[in-house]
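Beneath this line is the structure, given in structure tokens, with notes to follow.
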Amino acid sequence: MKTTLISLASGLLLCISVQGAYAESELPELGDTTSAVVSPEQEYRLGRAWIRKLRGSTSTINDPVLQDYLERQSYRLAFNSPLQNPDLTLVIINSKQINAFAVPGGVIGVNAGLLLHAETESEFSSVMAHELGHLSQRHFARMLEDNQRNQWVYLGTLLATIAVAASGESQGAFALGASAQAAMIQNQLSYSRINEQEADRIGMQTLVNAGMDPHAMPKFFQRMEKQSRQVGTVPEFVLTHPLTQSRIADTFNRANQFPKKLAEDSLDYQLVRIRMLVQFMESTGRASAHFRQQLKDEAVLNDRARINRLGLTLALLRERQYSQAREALAPLLADDPQRVDYIVAATEIALAENHYDEAITLLDKARQLNPDSYPLLMYGARAHILGNDAASMIEPLEAAARERSDDAQLWRLLMDAYTSTRDSLGIYRAKAEVYFLNGNEEKALDQLKLAADEVKNNYPLTAKIQKRMREIEQSKNDMKR
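Using numbering that gives the first Met the number 0, the letters of the sequence shown correspond one by one to residues 0 to 480.
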């Protein structure tokens with residue numbers, strides 16, 4: 000993309016969206032033959048095995064604020080879609096390319112570039128809803144009905160595509176992406192188009208059900224198609240989701256069937272988006288200057304000012320201008336002292352200045368008022384570990400790990416907490432989960448063997464460790480089938 004990230008920031012205005020009413024959408028019935036090829040349980044294991052390999056081979060973004068938003072928004076959409084009993088795993092790829100993908104078993108991946116270029120929450124959600132459409136209709140299983148031998152060809156090449164794209168080799172990724180697509184849909188292009196149209200239709204209905212703008216989908220598609228023609232470089236999204244004029248026209252026609260209704264864009268989305276935007280800006284000096292210029296015209300603290308002020312705070316933080324960052328953030332905290340985005344920004348400033356007690360006090364107070372906040376837990380644990388008070392966070396981290404057993408970053412923090420408290424058994428077990436969730440089953444098993452040796456006379460605990468070892472051995476086999 001020739002459009003700079005700095006210029007994109009200037010487009011962060013509040014957008015007025017159009018909300019449609021419910022419309023009937025007849026979905027195809029999935030017969031028994033689909034489950035005979037691959038069951039939902041097999042899809043689940045397949046997807047989890049695949050994402051572990053992805054984490055071990057691809058640069059991902061581990062930002063608790065972004066992860067929390069993505070999970071909340073994905074489940075909001077999922078519960079307004081035909082997807083039954085949604086159990087999703089979300090991953091954010093560290094790539095400026097625009098793309099999202101769905102893998103069998105409830106795995107959804109999002110490139111950071113999608114946040115950078117989707118100008119409204121409805122645009123961002125239209126892509127997510129499209130991917131949920133693929134999952135709800137089990138398009139992967141239906142493809143396997145036609146060619147049962149190609150599942151690993153497709154998934155393996157998709158893994159390589161994402162890894163190459165995240166490394167910055169976009170042209171290589173495009174070539175691999177084309178291979179992945181060709182491996183599964185050669186000689187069945189019409190079937191692929193049907194799947195895409197079906198996912199569009201279901202995704203649009205999902206947007207409407209969730210109270211979002213159905214017109215966001217064709218608008219975003221049209222912009223991507225236009226960029227591919229004008230810039231000359233095909234966005235990854237267009238490569239993996241081929242956009243034709245007829246497909247764009249079809250989504251426009253469908254969107255126009257819904258009554259138009261004004262709806263404001265989400266401040267939550269725009270604050271997360273500005274957070275990503277600042278992370279990807281190459282020149283932080285230009286970034287802070289840009290945000291200062293934007294704020295010169297803001298007489299009141301409206302949403303546009305809130306977005307730009309958080310952008311200024313984060314840009315100054317990257318420049319290590321900590322006192323100026325505090326000054327920029329102060330009006331936001333005064334206006335909304337419980338907003339997690341602002342508390343996290345204040346925490347990041349305090350941690351950068353090694354003011355651990357300040358960060359601990361801030362986060363402990365915030366967690367009392369918002370005990371279920373994932374970002375506050377993660378930053379709270381980090382602050383307590385750095386402040387030599389890891390012991391107080393082990394219990395809440397262990398409780399969270401039981402609920403989020405596939406969260407590699409959570410297990411890494413727990414490992415750090417055990418290290419700080421010199422709990423060797425805890426270190427072995429947490430490190431095993433970190434290795435496992437990053438696709439290294441052998442090293443995970445090595446850690447569990449060390450854990451078993453540590454407690455060889457504790458038979459109940461030994462039994463638990465051996466049970467976990469058997470589960471990991473089984474997971475190794477999931478990638479071989």
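Glycine is no exception: its CB is placed at the ideal position from the N, C-alpha and C atoms. Remember, predicted model here, so these are calculated numbers, not experimental data.
Spatial distance of residue i from residue j (CA atoms)
i	j	result
aspartate 86	glycine 105	6 angstroms
threonine 32	serine 38	Legend: pLDDT at threonine 32 = 42, less than 50; position of this residue unreliable, no value from coordinates given.
alanine 128	serine 121	10 angstroms
asparagine 369	proline 63	15 angstroms
threonine 250	proline 395	46 angstroms
serine 227	leucine 412	41 angstroms
glutamine 292	serine 135	45 angstroms
alanine 399	alanine 215	35 angstroms
leucine 67	glutamine 337	Rather than leucine, the amino acid found at residue 67 in this sequence is aspartate. Taking the straight line joining both Cα atoms gives about 16 angstroms.
proline 103	valine 109	15 angstroms
serine 533	leucine 113	Past the boundaries of the shown model lies residue 533; the chain is included only from 0 to 480, so the question cannot be answered.
arginine 401	tyrosine 373	14 angstroms
isoleucine 92	alanine 382	26 angstroms
glutamine 367	serine 245	53 angstroms
leucine 65	aspartate 264	17 angstroms
leucine 294	leucine 300	10 angstroms
lysine 442	proline 213	47 angstroms
leucine 460	alanine 431	15 angstroms
phenylalanine 123	alanine 117	5 angstroms
alanine 35	glutamate 397	Because alanine 35 carries a pLDDT of 47, less than 50, the predicted location of this residue cannot be relied on, and the following value inherits that uncertainty. Each residue's Cα considered, the two are about 38 angstroms apart.
glycine 98	leucine 131	In the sequence as presented, glycine is not what sits at residue 98; that position holds asparagine. Their backbone Cα atoms lie some 14 angstroms apart in a straight line.
alanine 298	arginine 319	27 angstroms
glutamine 96	alanine 111	7 angstroms
alanine 344	valine 433	27 angstroms
glutamate 40	arginine 403	19 angstroms
threonine 243	aspartate 302	36 angstroms
arginine 192	leucine 270	35 angstroms
aspartate 335	asparagine 84	35 angstroms
asparagine 353	aspartate 388	14 angstroms
arginine 71	glutamate 281	29 angstroms
glutamate 481	alanine 462	In the structure displayed, the chain extends from 0 to 480; residue 481 sits before or after that span and is not available.
asparagine 456	alanine 333	56 angstroms
glutamine 256	arginine 200	12 angstroms
Own chain residues within Cβ distance below 6 angstroms of residue i, not counting five before or after
i	result
asparagine 476	none
tyrosine 268	Glu120
glutamine 408	Asn61
leucine 449	Tyr427
glutamine 180	The pLDDT assigned to glutamine 180 is 46, lower than 50, so where the model puts this residue is not dependable; a value taken from the coordinates is nonetheless given after this. Counting only Cβ-Cβ distances below 6 angstroms, and skipping sequence neighbours, we find nothing.
alanine 365	Ile342 and Leu375
glycine 386	Tyr355 and Ile359
arginine 272	Leu114
glutamine 323	Leu315
Distance between beta carbons of residue j and residue i, contact taken as under 8 angstroms
i	j	result
arginine 44	leucine 436	About 15 angstroms; that fails the 8 angstroms criterion.
leucine 89	isoleucine 107	5 angstroms
serine 125	leucine 206	6 angstroms
leucine 331	tyrosine 341	5 angstroms
methionine 203	arginine 253	6 angstroms
arginine 305	leucine 266	7 angstroms
arginine 47	aspartate 405	7 angstroms
isoleucine 471	alanine 451	About 13 angstroms; that fails the 8 angstroms criterion.
Same chain, Cβ closer than 8 angstroms to residue i, neighbours up to 5 away in sequence not counted
i	result
alanine 174	Only weak support is given to the placement of alanine 174: the predicted model assigns it a pLDDT of 45, under 50, and the question is left unresolved by the model.
histidine 133	Ala101, Phe139, Asn194 and Ala198
isoleucine 384	Met392, Leu412, Asp415, Ala416 and Ser419
isoleucine 247	Pro217, Phe220, Gln221 and Glu224
serine 474	Arg44, Arg47, Ala48, Arg51, Phe435 and Glu440
aspartate 363	Gly379
Beta-carbon contacts of residue i that lie in its chain and below 7 angstroms, excluding the five residues immediately before and after
i	result
alanine 327	Arg308, Leu311, Thr312 and Leu315
methionine 468	Leu444 and Leu447
aspartate 296	none
arginine 325	Ile348
arginine 75	Ala209
asparagine 79	Thr205, Asn208 and Ala209
alanine 390	Thr420
alanine 290	Note on identity: in this sequence residue 290 is phenylalanine, with alanine being the wrong assignment. Only Asn307, Gly310, Leu311 and Ala314 meet the Cβ criterion.
serine 73	Leu87, Leu89, Ile107 and Met127
alanine 429	Trp410, Leu413, Met414 and Tyr417
serine 423	Glu453
serine 287	Leu311, Ala314, Leu315 and Glu318
alanine 77	Pro85, Leu87 and Leu131
aspartate 371	none
Residues bridged to residue i (per DSSP)
i	result
leucine 89	Ile107
phenylalanine 100	Gly108
threonine 59	Ile92
Residue i: CB within 7 angstroms of a non-hydrogen atom of the ligand FMN
i	result
arginine 366	No copy of the ligand FMN appears in this structure; indeed no ligand is present at all.
Three or more C-beta pairs below 8 angstroms linking the region 376-386 and the region 354-363:
Short answer: they touch.
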